Structure formats: C-alpha cells, structure tokens
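Worksheet for the structure shown next.
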Amino acid sequence: MVFSLSFQLRCSQKLNRQVCVLRRPRSPAAMGVPPQPQKGAQKKEERKRTLPASSSKEGRPKENKREPASLTQEGGPKEKREPASSTQEGQPKEKKREPTSSTQEGGPKESKREPLPKLEPAAAEYFRRAHETLKSGFDSDEEKALFVSNVLVEAEAVALPLALDTAGSLLLQALLPSASAPSLSRLLRAFLPSLRLAACHPCGAHILEAALLRAPVLISEGAEDAEELEDHVLELARAVQEELPTFALDTHASFVVRTLLQVLGGVRVRSDGGRGLPGSESSFSRAKKAKLESDGPSEFEVPETFQSLLGEFKGSFQEHIPSFITNKYFSLCLQVALEVLHRKLPADCSELCHSMIGYLSSRNVSPGQSPLLVFLKDATCSRVLDKVLEVSDRKALLSFYKAHMKGQLHVLAAHKVANYTLQRLIQAASRKLLGKILEELGPGVEEILACEHLGLITALLGACRKHGSHQQEVLQLLMEAFHCWEPPARQTACVPLIASVLAYEVYYGEDDDEENTPQEEEEDPSQQQASPPRPLSSISYHGSLMLQDLLHFADPSVVLRSLAATTPEDLVTLARDPAGSHVFDALLASPSVPEKQRRKVLRRLKGCYVSLACSKHGSRVLDAIWNRATLPAKREMAQELAEHESRLQNDPFGHFLVRNFSLNHFLKRRQDWERHHKAKKKRRELFSEILED
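Numbering (full-length UniProt numbering), first residue to last: 1 to 693.
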C-alpha cells in the first residue's frame with residue numbers, strides 16, 4: 001500500500017528532493033536488502049554477512065557518542081553510564097558490559113559474544129533519508145502522524161539492528177514520542193525475543209526507555225490497541241524481573257530497570273543515587289532536574305496490573321540483596337525501587353528497608369560497635385542507606401539512630417563518605433531526634449568546619465529552621481566555632497565570617513596568643529571591635545546557605561545587626577556574587593525580619609545602585625528590592641539611576657532595569673510615572689487580599 005498521490009506531491013515539493021517515505025509491501029527491500037544486486041556483488045555481500053559484526057570496520061557504535069538525557073528517565077549525565085566504581089567492584093574496565101550475574105547466577109556468557117545484527121546499506125540509507133524528512137518538518141499533524149506510522153511499520157522488520165545502530169536509534173528516539181499505540185505495541189513485540197541484547201547496548205537501552213515512557217501516556221488516553229500495549233509492557237517487565245541480576249548489574253540495562261520501575265509505579269523520581277560522585281553538584285545536575293520537570297508530570301495514571309507487578313519486584317530485590325547490594329548499578333536500581341515503593345506501596349517499602357537493614361546488620365559483627373558502620377563508610381552502600389533514611393518513618397529513624405549511630409556521630413561526621421548519610425538523618429529527623437543529634441554533635445561543630453564537611457552544618461541549620469526548635473542553641477554553637485560569640489563586640493563581624501567560612505583570627509589575620517586579656521577587654525572594649533579592615537573578597541556557597549537559614553530563624557537579630565554594620569562595599573560584593581545574592585532574597589522574604597531592620601540594611605546600598613545594576617546578580621537583587629520598596633523609596637532609587645541612564649542603556653544588564661523601572665518616564669513624565677506606580681501598588685494589594693481570602 002502506498003501513500004496517496006497528493007501526499008506524495010506535497011512531500012516532494014517540500015523537500016525538493018523527491019524524497020517520499022512509502023509504506024512498502026513486505027519484500028526483500030523492506031527487510032533492508034538491496035533490490036536485485038548483480039551476481040558478483042551478491043556473492044560479495046553474502047561473504048560480508050557471514051563475518052561477525054565485530055570484525056567489520058564499522059563495528060559497534062562508540063558508547064560515548066550519544067547519551068541524550070531527554071529519553072533517559074534519570075536525565076543523568078553521560079558519565080553516569082560509565083562504571084566509575086567498576087574497579088572497586090573488581091570488574092576491569094574493558095569488561096564493563098559483562099554483569100557479575102553472568103557468572104554468579106549461572107547466566108550464559110555466549111550472549112556477550114554473539115555478533116550484533118547490523119543494518120544493510122540500503123536499509124540504512126532509507127532510514128537516513130527518513131530522518132532527514134522528519135527533521136524538515138510537515139505542514140500538518142496529520143501528515144506527520146502518517147509519516148511516523150509508516151516509518152515505524154518499516155522499522156518493525158529490522159527493529160533490533162535499527163535500535164543498535166547509532167543513526168538508526170536517533171531516528172527511533174525522534175519517532176517514539178509521536179508513536180501510536182499499535183505502532184509502539186508492534187515495536188515492543190519485536191524487541192522481546194532479544195530483550196537482553198537491546199537493553200545491554202548503549203543505543204538500545206535508550207530506545208527501550210523511550211518506548212516505556214511513551215506507553216503509559218497512550219494507555220491512560222485509552223488509545224487504540226491500548227490493552228495489547230499494556231500486555232506487551234507487562235511481558236517486558238516480567239522478562240526483566242525473571243533475570244533481574246542480568247539487567248540490574250549492567251551499565252546500560254540498569255537504566256532500563258530504573259525507568260521500568262517508575263513506569264510501573266506511575267511516578268517519576270529525581271534521585272538517581274548520584275550523590276557524592278564527581279560533579280554531582282554541577283550545573284548539569286540542576287539542568288537535569290529542570291529537564292525532568294519539563295518532560296511531564298511527576299505522577300501519572302497507570303493500570304492496576306502495573307502496580308501489582310511493582311509489588312512483585314519488591315520480592316525480587318529482597319532475594320538478591322545478599323549477593324549484589326554492594327554493586328553500584330544494582331544499588332542505583334534499589335534506590336529508585338525504594339522511592340517508587342515509598343510513594344505507591346509504603347508497606348512494601350518498609351518491608352524492603354527492614355530486609356536491607358537486617359542483612360547489613362548481620363555482616364561484619366564486632367563487639368561494641370554496630371556492623372552497619374562499615375557500610376556507612378562505603379561509597380555504594382551508603383547511598384542505599386541514604387535512601388532508606390529518606391523513606392523511613394519517624395519511629396524507624398529513631399530506632400536506626402539508637403541501634404547504629406548513637407555515640408558515633410563525630411566519627412561519621414569526619415568521614416568523607418559517611419557524613420552524607422548523617423546529613424540525610426538530620427534532614428529526616430523529627431524534633432525529638434534532632435535534639436539528641438544536636439546534643440551529641442554540637443560540641444564538634446568547629447571540627448566539622450575544619451574537615452570542610454559544610455553540608456552537615458547547613459543540614460543542622462535547615463532542620464532547626466524547619467522545626468522551629470534549638471535555634472538559639474545552634475546559633476551560639478556556630479558563632480563559637482567562628483570565634484565571634486565572645487567577646488560580644490565580635491558578633492557584628494559574623495556575616496563576613498560566615499559568608500567566607502573563615503574564623504575570626506584567619507579572616508582578620510590575628511593570632512590567638514595576641515588577643516587581649518579579659519582585663520584589657522573590660523578596660524577598653526573599643527579595641528576588641530577594632531580590627532584591621534579587610535574587604536570581603538570571596539563568598540562560599542555553604543556560607544550563603546547558612547546566612548539564609550539564620551535569617552529565617554525566629555530571632556535573626558544577631559545577623560541583622562551584623563548586616564547593618566557591614567560596609568556598603570562588602571554588601572555590594574555580597575549582592576554581586578552568585579551565591580551571596582540569595583542572602584538578600586532571604587532578607588526580603590523572611591517573615592521574622594522586622595521591616596525597620598530590613599530598611600536599615602537596604603539603606604546602606606544607597607549610592608551603589610549603579611554598581612549593582614551593571615552586574616548580573618546585583619541587578620537581580622536591585623529588582624527584588626524595587627518590588628518590595630515603597631513609592632518614596634522607589635523615587636530615590638530612580639533618581640540615582642536616572643542620572644546614569646545612558647550608561648545603563650548600554651549595559652547588558654542595566655538596560656533591563658531601565659525598562660523595569662520606567663526610567664524614561666521618570667525623566668520626562670514624572671507625574672505619569674508616579675500615577676502608574678501608585679496604581680500598580682493598589683492592584684498588588686488588591687490581589688494579595690483576594691489570595692488571603
């Protein structure tokens with residue numbers, strides 16, 4: 001069957017190449033074989049097909065050529081696909097495709113050696129032209145749907161070699177988001193006989209993930225052949241469950257397992273267990289989260305059969321915990337399973353957590369010490385324990401603390417790996433447990449700062465802010481660690497000290513043995529405050545987080561007094577810094593900051609507005625201040641900025657403020673400017689009253 005003549009004409013006119021992808025009848029050409037080759041060429045082609053794919057010059061596609069995040073459920077960076085801990089697991093890098101389960105579970109090894117199926121040149125050319133046609137776009141959605149359907153029909157016959165081909169897999173990835181239920185169902189059916197080969201391949205794994213993510217959308221919409229598609233997804237899931245070690249221990253197939261768990265649960269999770277890995281706090285991680293949010297809702301509707309099968313996966317994971325919990329890829333699958341079960345099947349999640357804690361507690365038994373401490377210091381097992389703490393209830397957390405961590409917090413806080421698990425415990429702790437942790441950990445805050453495990457400090461401050469308890473206690477401990485609690489005159493220097501994460505003596509270049517004696521301090525308190533002036537030069541990311549939490553405490557007076565005593569130059573440095581600018585966000589947003597104290601701090605920026613306006617982050621701070629300012633304050637700001645209007649217009653950041661503050665109107669039509677802002681203020685007050693009601 002072929003396209004209609006009118007559609008062929010439209011395609012040919014659009015591409016100017018007479019390229020039209022037809023739905024061809026089942027023939028040797030449809031299977032990727034060149035039509036009617038010459039005898040000599042046919043013999044040569046036959047000899048070529050008898051050779052294994054690994055001996056061909058083209059070979060397998062390089063693993064690092066493509067790792068698009070758009071179709072991986074985790075959106076993880078490329079290096080996630082490379083087994084960074086393979087040497088720790090005893091797996092040499094050159095054999096990273098071979099999961100441990102192949103030998104431990106008695107799995108066949110010959111599947112790793114079989115040649116990869118490859119597309120014939122004619123078929124590869126056909127799909128290349130199809131991809132070009134797809135990229136060129138269509139005049140209507142109907143044309144695109146018809147095109148996608150016909151190309152997927154052709155892809156069914158060569159589904160596996162097409163998915164394992166670098167260029168072919170990119171075509172499938174572009175087609176699957178628009179695939180219909182019948183087309184997707186037939187494609188999954190074509191993958192089932194060679195599921196392991198497809199899932200363990202870097203290109204094939206992406207295609208399986210994309211197909212799995214498309215399936216629940218079509219099923220929930222009640223599309224044609226939705227029941228058949230549901231059956232094929234369940235068949236694929238059962239095949240993965242039966243050979244869970246084979247898939248969960250493989251670099252690429254583990255991604256398919258994680259995506260499958262989320263599809264069965266009808267949820268999307270942001271965690272992929274990448275905490276502590278190099279670059280895990282990079283901008284790519286933030287982009288990954290943004291991409292995950294833009295791809296679709298965090299929860300979606302799935303059939304009851306999916307969740308029933310998800311419950312069966314819990315038993316499969318329990319069965320293999322003793323053998324593979326220390327494997328990196330199995331650990332990542334286990335973490336996703338815990339989070340999905342926690343959100344959909346909490347009872348099964350608690351049972352799985354209990355099984356893991358029970359197994360780990362029974363290993364490496366030593367008198368007077370919890371056997372779990374060894375696993376808390378392991379890079380792989382600690383991530384699983386992180387997730388266990390995250391999904392556990394309050395009673396389980398308290399029990400975990402008493403049985404395994406009580407009396408060992410200082411040791412864990414100083415360890416480069418275990419401190420992350422301690423952070424998760426603090427973040428998940430109840431008010432009662434937080435008090436116990438602070439009592440034990442509090443005297444060692446300065447040692448934690450010396451170890452540069454600043455995440456523990458921010459976790460403590462965040463937990464105190466969350467529960468509204470122990471705030472003055474942790475504030476005093478923090479300022480004592482920075483050596484600015486005593487004498488009281490030093491407290492006004494706490495903002496630059498905390499922002500730069502430097503002790504008082506280090507920041508001002510003083511030695512402990514040169515400090516004044518208590519008698520001298522009583523006689524001349526002014527000398528205690530006088531210190532060699534030092535401009536604020538660097539702001540720490542964690543220091544900014546500490547100040548933000550302190551400003552949200554019930555009594556932020558100590559920090560406010562320090563901000564009011566900070567020089568305008570240092571405040572400008574803080575506002576122009578990517579991390580420090582968020583301190584002003586907290587100052588403006590915190591409900592516990594009195595308006596009088598807020599204005600006192602912000603008035604110190606007067607005379608520095610132009611410097612802020614010409615900075616990327618400073619202009620954002622100035623915009624936030626403007627939105628909260630009264631009309632007289634806006635008039636003062638506009639007056640100062642209007643004097644440098646030409647400079648601001650030519651600045652890449654300043655010209656936005658010229659537009660947002662309507663400086664042209666302020667200079668030429670002052671009365672209109674004031675009426676506009678009065679009306680804007682009234683509208684804002686009206687909307688706030690409506691929202692409160």
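For glycine and all other residues, C-beta sits at the position ideal for the given N, C-alpha and C.
Computed from a prediction, not measured in an experiment: that's the story for all the values here.
Among the options, nearest to residue i - alpha-carbon criterion
i	options	result
His582	Leu550, Lys377, Leu502	Leu550
Glu636	Phe666, Ser619, Ser611, Arg620	Phe666
Gly455	Thr421, Ser392, Ser619	Thr421
Ser469	Arg431, Cys451, Gln476, Pro487	Arg431
Leu360	Gln173, Leu385, Leu332, Ser350	Leu385
Val302	Gln241, Tyr329, Phe330, Gly266	Gly266
Leu433	His206, Tyr507, Leu460	Leu460
Lys634	Pro652, Gln649, Ala589, Lys680	Lys680
Ala418	Leu373, Gly435, Phe400, Ile539	Leu373
Gln173	Leu152, Glu473, Ala181, Leu244	Leu152
Gln476	Gly618, Arg490, Gln408	Arg490
Leu212	Glu221, Leu229, Arg604	Leu229
His542	Ala575, Val501, Thr567	Val501
Phe300	Leu264, Thr326, Leu376, Gly311	Leu264
His410	Glu440, Gln427, Leu657, Val388	Glu440
Val610	Val658, Val269, Ala179, Leu497	Val658
His415	Ala429, Cys484, Leu449	Leu449
Cys203	Glu312, Pro652, Leu162, Ser538	Leu162
Thr251	Leu175, Lys328, Leu244	Lys328
Ile625	Ser316, Asp585, Pro578	Asp585
Residue(s) in a DSSP beta bridge with residue i
i	result
Glu142	According to DSSP, Glu142 bridges with nothing at all.
Phe240	It should be noted that the sequence gives Val, not Phe, for residue 240. DSSP, once it has assigned bridges, lists no residue as partnering Val240.
Gln476	The partner list for Gln476 (beta bridge, DSSP) is empty, contrary to what the question assumes.
Val572	Its beta-bridge partners do not exist; DSSP assigns none.
Val601	Looking at the DSSP assignment, Val601 forms no beta bridge with any residue, so it has no partner.
Val267	Glu299
Residue i classed as buried or exposed, judged by whether at least 16 other C-beta atoms fall within 10 angstroms
i	result
Glu685	exposed
Asp513	Low per-residue confidence applies at Asp513: pLDDT is 45, beneath 50, and the placement is therefore not dependable, though the value from the model is reported in the following sentence. Counting Cβ neighbours within 10 Å, Asp513 comes out exposed, since fewer than 16 surround it.
Glu569	exposed
Pro535	exposed
Lys402	exposed
Gln519	Its pLDDT being 42, under 50, Gln519 is placed unreliably in this model, and the value from its coordinates should be taken loosely. Classification for Gln519: exposed.
residue 706	Limits of the chain in this structure are 1 at one end and 693 at the other, which puts residue 706 out of reach.
Glu154	buried
Pro115	exposed
Lys406	exposed
Arg620	buried
Ile690	exposed
Leu412	buried
Asp672	exposed
Val506	exposed
Pro556	buried
Ser399	exposed
Gln423	buried
Leu376	buried
Thr87	Interpretation of Thr87 is limited by its pLDDT of 35, a score under 50 that renders its predicted location unreliable; the figure taken from the coordinates is listed afterwards. Flag for Thr87 reads exposed.
Thr458	buried
Thr566	buried
His677	buried
residue 727	This structure cannot settle anything about residue 727, because the visible part of the chain is limited to 1 through 693.
Asp393	exposed
Glu304	exposed
Lys387	buried
Lys314	buried
Gln649	exposed
residue 697	Because the chain spans 1 through 693 in this model, residue 697 falls outside it and cannot be assessed.
Contact with chain B by residue i, beta-carbon distance below 8 angstroms
i	result
Phe661	Absent here is chain B; the protein component of the structure consists of one chain.
- request: Take every Cβ of the stretch 248-260, pair it with every Cβ of the stretch 333-345, and state whether three or more of those distances are shorter than 8 angstroms.
  value: yes
query: Would you call the stretch 184-191 and the stretch 118-138 touching, i.e. three or more CB-CB distances under 8 angstroms?
result: no
task: Tell me, please, whether the stretch 187-206 touches the stretch 122-131 by the rule of three or more beta-carbon pairs shorter than 8 angstroms.
output: no
- prompt: Where in the stretch 322-353 do unbroken runs of the alpha helix (DSSP H), each at least 4 residues long, occur, reported from the N-terminal end onward?
  reply: 328-344
- prompt: Per the contact definition of three or more C-beta pairs closer than 8 angstroms, is the stretch 316-328 in contact with the stretch 349-363?
  reply: yes
- prompt: Just checking, does the stretch 165-185 make contact with the stretch 223-234 on the three C-beta pairs under 8 angstroms criterion?
  reply: yes
- request: For the stretch 160-199, list the alpha helix (DSSP H) runs that are entirely contained and at least 4 residues long, ordered along the chain.
  value: The qualifying runs are 166-175, 181-191, 195-199.
query: Which ranges does the alpha helix (DSSP H) cover as unbroken runs of at least 4 residues, wholly within the stretch 202-262, from first to last along the chain?
result: 202-220, 226-242, 244-248
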